Each structure stands twice: as C-alpha cells, then as structure tokens.
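A.B. asks: Encoded as structure tokens, here's the structure I'll be asking about.
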Amino acid sequence: MRLAIAHHDARTLDALKRIVNALAGYEIIWIAADGAEAVRKCQKEKPDLLLLDLALPFMDGSRTTNGIMKSCPCAILLLTASVEANAAKVFEAMGNGALDAVRILVETPTGNLLGEKDIIKKLATIGKLIGKGEPQGKTPLKTKTTSPAPCPPLVAIGASTGGPRALSVILAALPKVLGAAVIIVQHLDEQFSRGLAEWLNSQSNLKVVLAGGGDRPIIDTVLVASTNDHLILGADLVLRYTEEPRDYPYRPSVDVFFESLERHWPRRDIAVLLTGMGRDGASGLAALRKTGWHTIAQDEKTSVVYGMPAAAVELGGATDILPLERIAPMIMKRLGKVPRDF
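So the mapping is simple: this note's numbering equals the position in the sequence shown, first residue as 1, plus 214.
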C-alpha cells in the first residue's frame, strides 16, 4: 500500500516512519509538513492512504481533508493526540470525507508512540477496504424469529465516510417527537463513539445516546453503536454486541446489523444507507427491501464517497435514491409526519 504522511511534529513523523518501514507491503511515497503542501502533493501523486495530522498548521486537518476530497480524493486516516479535546474537529473532518481516526502520542523521553498497535490495525483494516469489495465470512442467515413484544416504528441508519455530517443534517431536520426509534451504525473507532453521540446530540432535536448491550429501541431516542464489535438485534428485540464475524473489515458492520433486523424485527419500517467507502450495508439494505421495508440510499451528488449507497442501488436495494436534504422529509412522510404531497 502506498502511504503518505502529513504531520507537523518531527518526533511523531520519525515514529510513524519507523512503524511503516517495519511492515511488509507498505511504502511511504511522500511527507508533508502542512495542509497546503499535502493537497499539492496529493494532486501530483495520489496515495492509497494519507495519514493526516488533525492539528496541522496554517490549514488544519478538516480543511485539508475537504481540499483533498474535492481535488484528488483518497482514503484518509486522521491522527490526533487527544480524543476528548478534539472530538468536534474529528467529526467535522470525517464529515468532509476522512475515513477514520486514531489516537497517537509520542512518549517523552523514550520516543515510543502510544497507539502503535492501533495504527497497525487501522492500516490492515483500511487495506481490506481499499483492496477488497465484498468482505468474506458473512454470518449465515438464521430462521426468522418474531416476538410479540410491543415495538415502536424504527429508523435504521448506516454510514461510513462522510457520515457524521450527513447524520447531523438528517437529525437536525427531524422533530423532537418523531414517533419512532432511531438506531445508527457509523464506521468509527470506539474511542470516538461517545464524542460522536454527544456531538450529534448537540445537533439534534432528538435525544442521542450510545447503544448499550441489553438496550431496546426507544421511541424518540437515537441510539448510536458504541464499540468495535458488531451491533445486532436479538430475537427478544434486545440489542447486543458480538465479535462475530471477526474478519469483517467494517466494524461495526451495517450489514450485520441490517441482517439482524431482517431476521428479528417484527415490523417493516425504514432503513437508510448513507455515504461511505466500500459495500457495507448494501446486501443488508437489499434484504430489508425484499421483506417490505422502505429503504433509502443517499444519492451520488450529495455523498462524500458514493460507495455503499451505489452498491445498494446496484443490488436493487433502494426504494428511493435521495439527496441528503430530502432524506429526513421522506422519513417523516413515511411516519405520517408531513403532508402526502411531499
């Protein structure tokens, strides 16, 4: 994999170069010290993956991400020294197209890099995303089980690259009394999940919280998948986390969640697949549509990366293909919240 690094700190650069050079199958094609330089170099020689410092001088990580995705789009992994302090900036950059984020910090005086194992793991995961379309080892479909327990209407949403911003646009347009439960699966490392929920809560009329194992869908509440394990719905309509399938490059997986809904959720409700790299969620959305769900795929024009929704459209999995600004109105229409002539 051809990597590029944009980072302002010499000690961190040295540590990153040491890590990458010790890995087989990876090469560093260029290094930039600021955002403007990174955009220029990316335009001349596009890497497979850019490791991008969130705190670059002159042009920060979010603006750099925006510039790269508009002129020479590539996979971007954000690097930050503090998750808590920079959560809003991380989600802004991810909304502009960054794929994921990881915490790294150089120890003093050893020069060792805290987060080295996380970096190596992220490189392997993103390599799978770039090099493979359909992940292997899909979980076998089980016999569909229903439960007599009462359940509210459900809006299930999956997202990846560009997802945080897209989610904020949708949630900001939904009313406080929606009359439905909302569950979100966003590709994001678990160390950022609490920050994502808090940030979305600040953008939303609905209450946004992390989904815990043992929770049930809650009316007028948004639950956000919160670990690197897969979120699933059980036959008892209780949410749980599972490590299986272990070899998915997407964690948490939208497909795994959607397929659990197809097996166990007794209603036929609304599922949405937003911007994202790869194919995760496409087969799950198609399965839901076949069983009577109303399914929505974000359109190409408003997607930061038209990968996941495009794959769903190819499979015939989308009832509607809509621009981002029309998704919330369609959700409300399906829930009877807006006039029929929308």
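Cβ coordinates follow ideal geometry from the N, Cα and C atoms, glycine included. Keep in mind it's a predicted model, so treat the numbers as computed, not measured.
Strictly by DSSP, which residues pair up with His444?
C.D. replies: Thr456
A.B. asks: Is it the case that the Cβ atoms of Tyr455 and Gly409 are separated by a distance below 7 Å?
C.D. replies: Against a cut-off of 7 Å, the Cβ pair of Gly409 and Tyr455 comes out as no contact.
A.B. asks: Could you give the residue range of the alpha helix (DSSP H) that holds Thr278?
C.D. replies: 275–285
A.B. asks: Please specify which runs of the alpha helix (DSSP H), each continuous and at least 4 residues long, are wholly inside the stretch 478–527, giving them in chain order.
C.D. replies: 496–504
A.B. asks: Buried or exposed for Val391, please, with buried defined as at least 16 other CB atoms from any protein chain shown within 10 angstroms of its CB.
C.D. replies: exposed
A.B. asks: Apart from the five residues just before and just after Leu475, which ones in its own chain have a Cβ nearer than 7 Å to its Cβ?
C.D. replies: Ala370, Leu447, Leu502
A.B. asks: Bridge partners for Gln400 per DSSP, in chain order?
C.D. replies: Ala373
A.B. asks: Roughly how many angstroms separate the alpha carbons of Thr509 and Ala373, rounded to a whole number?
C.D. replies: 14 Å
A.B. asks: Out of curiosity, what's the CA-to-CA distance linking Ile261 and Gly345?
C.D. replies: One detail in the question is off: residue 261 reads as Pro in this sequence, not Ile. Our two residues, Pro261 and Gly345, have alpha carbons roughly 13 Å apart in a direct line.
A.B. asks: Leaving out five residues on either side along the sequence, give the residues of the same chain with a beta carbon under 8 Å from the beta carbon of Val527.
C.D. replies: Ala511, Ile535
A.B. asks: At which residues does the alpha helix (DSSP H) containing Arg225 begin and terminate?
C.D. replies: 224–235
A.B. asks: Assign Leu292 to one of three DSSP states: helix, strand, or coil.
C.D. replies: strand
A.B. asks: Consult DSSP for Arg548 and reduce its assignment to one of helix, strand or coil.
C.D. replies: helix
A.B. asks: What residues in its chain sit with their C-beta under 7 Å from that of Phe406, if we drop five residues either side in the sequence?
C.D. replies: Cβ neighbours of Phe406 beyond the five flanking positions: Val297, Ala301, Val304, Ala315.
A.B. asks: Looking only at its chain, what residues have a beta carbon closer than 7 Å to the beta carbon of Leu227, apart from the 5 residues adjacent to it on each side?
C.D. replies: Ile219, His221, Ile245
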